[in-house]
Each structure stands twice: as structure tokens, then as C-alpha cells.
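In UniProt numbering, the protein residues as written are 1 to 389. Built from N, CA and C at the ideal position, the CB exists for glycine as well.
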Ligand SMILES: Cc1cc2nc3c(=O)[nH]c(=O)nc-3n(C[C@H](O)[C@H](O)[C@H](O)COP(=O)(O)O)c2cc1C
């Protein structure tokens, strides 16, 4: 089996199971998530990553909203091994730098039973008023598979408004936010909470136990504190493991921070003992990272990985999704620039030339000239039309 084959197992057209997000996390190994990303994680991007082994997608902290069945991919996931016990970790405030292996490990025919399942969409809200959150959640409910409460946004304006990180030290409010939403939506409708770790483990413990007391079904843990920026501080896996241990296995936990390759995701999963891993910046740079590609798959960068996910497919697919869903050009341009940054741009000149493009038509022409789009009369991988590589 080559990389990426997992999404293409022949299934004879059997319908995919539609499970609650928490059951997807509990019942299968290797569940991956796209983190909430304000501005960036809109529908076309979520639909794109869903084609590359990203099983759960979070919407951005809600400012606007659209959703579609296309952001729920179909996957063959291996059933959870019975040995996945919840972690019991000691607090260790010394962070270790993340591992960067850069090495692929192709999925094996491991003999484990796989089931065909649908990906799930979770909408994130930033809120501090339980009734308002419950009302917003009720409006969104028909279109999503779960509601998430943001307790991690560190921005000053958010903190001053009493949302995001401001909730980290308000465990009673978090409990009430979750409980009121669960009461409004019914106890079966999933509500998750995304937190950051705290310098003081007692605070993390209180927050997690309060969220669970309110009825939270999933806990996502970004392994940085409120004062730690993603650029300046490596993620702290022990902090995540500690937060996860506070949940005592009552709900599945998703670990977040510094996942830029599938191997890093697996390492974080193992080290923290959680069920799922979540990436933000890694997926922006390489939407196919969970399918095992180290950089956005483009022609000749990794020609041996071409089949059946053709190398040009990813850019082509993002153009299709962005135009189909009306993504505004500056955002489409920014996404393309992130995806091409490591995979394609060799010099400052390359970058400047791309950044100067001012319209969808301009980017399309550029992609075609560079061989990143399939052309008529050629195979979808663009074999034979690749100029630069
Ligand atoms: C562009 C961008 C937007 C983000 N927006 C949100 C958001 O709306 N809600 C949220 O909980 N976290 C948000 N985050 C934080 C991420 O979800 C994630 O917790 C953080 O980036 C750490 O993951 P990473 O190391 O994989 O980037 C955002 C991060 C980025 C880079």
C-alpha cells in the first residue's frame, strides 16, 4: 500500500457509518483533526483536508459560517486496539522540543479490522454567556456534528471581552456554558471544549473536571499556556498528558500543538496517551500531512507518491473548492502561498512573483504554467507537462 491509499480502499459502495465525534475518537485508532483557525479554516480548506486523512474538522471560532457534506470525508479507519488505556501523567513544566523526523512511514496491511466512517464537523464558538451560547448552538445544530467552546484564544481583545483564554481560570462559568448548551440541545448532542494548559496544574485539573461536570464530551488540549506563543514556545506534551489524565478516561482527548508531519502526530499521540491529534499551522502549510506527505504534494517533489492521489490534485482541488464556495481571493491567495511555501518556492523571487498575483485568473495561469494543474490531453498528475521540476 502506498501513502495515501487509505482513502481509496475499494468498498463496494457500502454506506459510511456516521458516528458521534467522541465515538469516532473512542472506537478508532489514528484519528486526526483540523484545528479551528479563525479566518483560514473556512469550508473550502476543511473540505480539502478532509480528502487527506483528516477525520474531524473544526470550524474557525465563529464569525461567519457555511458547511457542506464535502467537508465530511469518508475513511477506512482501524478499530481501536484494546490497549489504549488513558494516561496517568505527572506534571513536568520543562518542555521538550518537538521531534522532526521528516521520515515517511507508510500504512501497512496490519490485519486489523477497518470500518468505513464519515468525517465529522465541529463548530467552534467563543462565548461567555451560557444562554447566548446555547441559542447560537441551537441555530448551528442542524448543520454540524458537534459544538465546541473556545477556551484558548489568547488575543488581548478576546481576553478583555471575557472570552477565549479568559475562561481558563473560570471553571464554574465553563461548566455552566457546557451544561446550558447540553440542556438546550439534548444530552446526546456532542459538546467539546478546547483549552490551553496552565502553569498551575491545579488550575488545569479544576478546569477539566468542571468541563466534564458540565457534560463535555470531548476535550482538546493545546499544549501551551496563555502567555506562550506558538512561534516562541514548543508545545509541552507533558502538560497535555497531565490535562488528559485529569479527564480520567471519561471523555476522549485530542492533543494539539506542533504537529507538522504524520510522524509528529503519532509521536504526540503516543507520548500523551490521547485518542486524537490536531494540527493548525501544519495543515496550513501542508493540507495532506495526515496522509503522510511531509510537504504539500506537488509534481516531482515526491513523484513516487503520485498514485492514486495525483500530485497536482491538491492545488487543482483547492482551486475547485474555493471557486465553488466563493472563497474571497485574498484568502485563497494566502492559503496557496502557505501550501507552496515549503513545497515549491525556491527563491525570494519565486515568492515575490506569486505574491504579486492579484486575481484567481492570475493564480490559475501561474499554476498552469508551473505544472501544478492537470491540462487537457494529459493525465491528472500532469506527467509530461511539468516545467519546473
Ligand atoms: C491562523 C490561526 C487561527 C487560529 N484560530 C483559532 C480559533 O479560531 N480558535 C481556536 O481555538 N484556536 C485558534 N488557533 C489556534 C489553533 O487552533 C491551535 O491551537 C494552535 O495554532 C496550535 O496548534 P499548531 O501548533 O498545530 O499550530 C488559530 C491558530 C492559527 C495559526
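Compute the distance between the beta-carbons of residue 257 and residue 223, then report whether it is under 7 angstroms. Taking 7 angstroms as the cut-off, the Cβ atoms of residue 257 and residue 223 count as close.
Please report the distance separating the alpha-carbon of residue 253 from that of residue 356. Each residue's Cα considered, the two are about 42 angstroms apart.
Tell me which residues share the same chain as residue 14 and place their Cβ nearer than 8 angstroms to its Cβ, disregarding the 5 neighbours each side in the sequence. For residue 14, where only same-chain residues beyond five positions count, the Cβ hits under 8 angstroms are 116.
Could you work out which residue in 275, 360 and 77 is closest to residue 114 when comparing CA atoms only? Out of 275, 360 and 77, 77 has the C-alpha closest to the C-alpha of residue 114.
Give the DSSP-derived three-state secondary structure of residue 349 in the structure shown. If DSSP states are grouped into helix, strand and coil, residue 349 belongs with the helices.
Which whole-angstrom value is the C-beta distance of residue 46 and residue 57, which I expect to be below 8 angstroms? Correct: roughly 4 angstroms between the Cβ atoms.
Any chance you could list the beta strand (DSSP E) runs of at least 3 consecutive residues sitting entirely within the segment 20-47, in chain order? Unbroken beta strand (DSSP E) stretches of 3 residues or longer found wholly inside the segment 20-47: 31-34, given in chain order.
Return the chain-ordered list of same chain residues with a C-beta closer than 7 angstroms to the C-beta of residue 152, the five sequence neighbours on each side being excluded. Excluding positions up to five away in sequence, the list reads 164, 165, 194, 195, 196 and 222.
Nearer than 6 angstroms: is that true of the beta carbon of residue 227 relative to any heavy atom of ligand 1? Every heavy atom of ligand 1 is 6 angstroms or more from the Cβ of residue 227, so no.
Span of the beta strand (DSSP E) around residue 222: Membership of residue 222 in the beta strand (DSSP E) is indicated by the continuous run 218-222.
Mapping the DSSP letters down to three states, classify residue 155 as helix, strand or coil. It is coil, neither helix nor strand.
Grouping DSSP H, G and I as helix and E and B as strand, with all else coil, what is residue 328? Residue 328 carries a coil assignment under DSSP once its states are collapsed to helix, strand and coil.
Helix, strand or coil for residue 74, going by three-state DSSP, please let me know. The answer is strand: DSSP assigns residue 74 an E or B state.
In this structure, what does DSSP give as the bridge partners for residue 355? Note: residue 355 is not bridge-paired with any residue in the DSSP secondary-structure output.
I'd like to confirm the pairing. Which residues does DSSP put opposite residue 148 in its beta bridges? Looking at the DSSP assignment, residue 148 forms a beta bridge with 124 and 192.
Member of 155, 327, 123 and 131 whose CA lies at the smallest distance from the CA of residue 176: The shortest Cα separation from residue 176 among 155, 327, 123 and 131 belongs to 131.
Throw me the rounded Cβ distance for the residue 220 and residue 44 pair, which I believe falls under 8 angstroms. Your pair residue 220 and residue 44 does not check out as a contact, with CB atoms roughly 23 angstroms apart and the cut at 8 angstroms.
Can you give me the C-alpha to C-alpha distance between residue 103 and residue 294, rounded to a whole angstrom? Note that residue 103 scores 26 on pLDDT, short of 50, meaning its location in the model is unreliable; the coordinates nonetheless yield the value given after this. So the two alpha carbons sit approximately 8 angstroms from each other.
Residue environment, residue 140, which counts as buried when at least 16 other CB atoms sit within 10 Å: That one is buried.
Do you know offhand how far residue 26's Cα is from residue 270's? Roughly 15 angstroms between the two C-alpha positions.
So is the beta-carbon of residue 335 under 6 angstroms away from any non-hydrogen atom of ligand 1? No, the Cβ of residue 335 stays beyond 6 angstroms of every heavy atom of ligand 1.
Looking at C-alpha atoms only, which residue of 275, 217, 129 and 333 is the closest neighbour of residue 122? When the alpha-carbon of residue 122 is set against those of 275, 217, 129 and 333, the nearest one is in 217.
Status (buried if at least 16 other CB within 10 Å, exposed otherwise) for residue 310: Its pLDDT being 48, under 50, residue 310 is placed unreliably by the model, and the measurement read from it follows with that caveat. By the neighbour-count rule (16 or more Cβ atoms within 10 Å), residue 310 is buried.
At a threshold of 6 angstroms, does residue 258 count as lining ligand 1 (C-beta to nearest heavy atom)? Answer for residue 258: yes, Cβ within range of ligand 1.
Could you work out which residue in 21, 126 and 68 is closest to residue 62 when comparing CA atoms only? If you compare the alpha carbons of 21, 126 and 68 with that of residue 62, the shortest gap goes to 126.
To the nearest angstrom, report how far apart residue 39 and residue 22 are at their CA atoms. Straight-line measurement puts the Cα of residue 22 at about 26 angstroms from the Cα of residue 39.
The segment 183-190 / the segment 204-213 touching (three or more Cβ pairs under 8 angstroms): Segments in contact, no.
With a threshold of 6 angstroms, establish whether the CB of residue 288 neighbours any heavy atom of ligand 1. Here the distance from the Cβ of residue 288 to the nearest heavy atom of ligand 1 is not below 6 angstroms.
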